[in-house]
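Asker: Sequence positions in the sequence shown follow this note's numbering and run 612 to 719. Backbone N, C-alpha and C fix where the C-beta goes; we use that ideal spot for every residue, glycine too.
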Amino acid sequence: MTVYYGDINADGVVDMGDALLAEGFALGIQTPTADQKRRADVNGDGQVTGADVQLIQQYIMGMITQFPVELIQPPPGTSWSPLIILGGLTLAMVALSRGSRKPQKSRH
Ligand SMILES: [Ca+2]
Ligand SMILES: [Ca+2]
Numbered sequence: 612m613t614v615y616y617g618d619i620n621a622d623g624v625v626d627m628g629d630a631l632l633a634e635g636f637a638l639g640i641q642t643p644t645a646d647q648k649r650r651a652d653v654n655g656d657g658q659v660t661g662a663d664v665q666l667i668q669q670y671i672m673g674m675i676t677q678f679p680v681e682l683i684q685p686p687p688g689t690s691w692s693p694l695i696i697l698g699g700l701t702l703a704m705v706a707l708s709r710g711s712r713k714p715q716k717s718r719h
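1) Beta carbon of Val653, beta carbon of Ile667: below 8 Å?
2) Measure from the alpha carbon of Gly655 to the alpha carbon of each residue in Ile671, Ala621, Gly617, Leu707, then state which is nearest.
3) Can you give me the start and stop residues for the alpha helix (DSSP H) that Gln647 sits inside?
4) So, Asp663 versus Ala645, is the Cβ gap smaller than 8 Å?
5) In whole angstroms, what is the alpha-carbon distance linking Asp626 and Lys716?
6) Buried or exposed, going by whether 16 or more other CB atoms sit within 10 Å of the CB of Asp629?
7) Can you grab the Cα-Cα spacing for the pair Met674 / Pro643, in whole Å?
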């Protein structure tokens, strides 16, 4: 199995070196390349923040075995399985139905 997300320095393992790199990106100390940014954004929100650093640390500690981004966006070069597409559609539909159900506040 290829390691992609979380493996920011691309050495095949997710370890503290990657967590430190992610921290550097999150704090703005280091500027990631496009590929590094994609590897570091493990929750898939398009930005590298403390939340991603936390997820990478949790992964290293074995608290999680998968990053949230892997459920919504497979690593580049991976073909989309029908199951993932179905899951993505479900997520999109949930997001849409949530958006349309905004509570209407009466303004006075
Ligand atoms: Ca690494
Ligand atoms: Ca992120």
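Answerer: Result, derived from the coordinates:
1) Start at 1 with the first residue of the sequence shown, and residue 653 comes out as number 42. Start at 1 with the first residue of the sequence shown, and residue 667 comes out as number 56. Yes; because the gap between Cβ atoms is below 8 Å, this pair is in contact.
2) Position 44 of the sequence shown, counting from 1, holds the residue named residue 655. When each option's Cα is compared against that of Gly655, the closest is Gly617.
3) For the purposes of this step, residue 647 is taken as the residue at position 36 of the sequence shown. It spans 645-651 - the alpha helix (DSSP H) in which Gln647 sits, taken as one unbroken run.
4) The residue you call residue 663 lines up with position 52 of the sequence shown. The residue you call residue 645 lines up with position 34 of the sequence shown. In this structure, Asp663 lies away from Ala645, with their beta-carbon atoms at least 8 Å apart.
5) For this step, residue 626 is matched to residue 15 along the sequence shown. For this step, residue 716 is matched to residue 105 along the sequence shown. So the alpha carbons of these two residues sit roughly 47 Å apart.
6) The count along the sequence shown starts at 1 and reaches residue 629 at position 18. Asp629 is buried by the Cβ-count criterion.
7) Position 63 of the sequence shown holds residue 674. Position 32 of the sequence shown holds residue 643. Taking the straight line joining both Cα atoms gives about 26 Å.
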